[in-house]
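Asks: Per the UniProt record's numbering, the sequence shown starts with residue 1, numbered consecutively.
Beta carbons are placed, not taken as given, at the ideal position from N, Cα and C, and that holds for glycine.
In this text the structure is predicted, and so the values were computed from the model without any measurement.
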Amino acid sequence: MDTLQHDGDQMEWKESARWIKFEEKVEEGGERWSKPHVSTLSLHSLFELRTCLQTGTVLLDLDSGSLPQIIDDVIEKQIEGGLLRPELRERVSYVLLRK
1 MDTLQHDGDQ MEWKESARWI KFEEKVEEGG ERWSKPHVST LSLHSLFELR
51 TCLQTGTVLL DLDSGSLPQI IDDVIEKQIE GGLLRPELRE RVSYVLLRK
């Protein structure tokens, strides 16, 4: 995993953690790797999250007061983005509102 870090006046991406089977982090000073430990999140889960954020529908600061309104907003955004066919609007809404 890379993080954006200050290096003097400049910012650069530096490797701050890595996964082999366990996670290792860069210790203070950036000279050594920590002891391997079991990660809270698996690397696969982080890759899935990245894919969802890159290709999925993300709506931040949404002005919706109810779950049905949120679902309508998400469906509308997916239709606009070509991720959902308009004729599926009612079916998807029905499925998402199921308890």
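Quick check on this structure: which residue in R89, E31 and L97 has the alpha carbon closest to the alpha carbon of K77?
Replies: Here residue 77 refers to the residue found at position 77 when the sequence shown is read from its first residue. It is R89 whose Cα lies nearest to the Cα of K77.
Asks: May I ask you to report which of helix, strand or coil DSSP gives D61?
Replies: In the sequence shown, the residue the question calls residue 61 occupies position 61. Three-state DSSP puts D61 in coil, outside helix and strand.
Asks: List the whole-angstrom C-beta distance separating T57 from L83, where the pair is believed to meet the contact cut-off of C-beta under 8 Å.
Replies: In the sequence shown, residue 57 corresponds to position 57, counting from 1. In the sequence shown, residue 83 corresponds to position 83, counting from 1. About 7 Å separates the two Cβ atoms, so the contact holds.
Asks: Please confirm whether S93 and I71 have their CB atoms less than 7 Å apart.
Replies: What you label residue 93 is simply residue 93 of the sequence shown in a count that begins at 1. What you label residue 71 is simply residue 71 of the sequence shown in a count that begins at 1. Cβ atoms of S93 and I71: closer than 7 Å.
Asks: Just the C-alpha distance for E87 and K14, rounded to the nearest angstrom, thanks.
Replies: Here residue 87 refers to the residue found at position 87 of the sequence shown. Here residue 14 refers to the residue found at position 14 of the sequence shown. Their Cα atoms are separated by approximately 46 Å.
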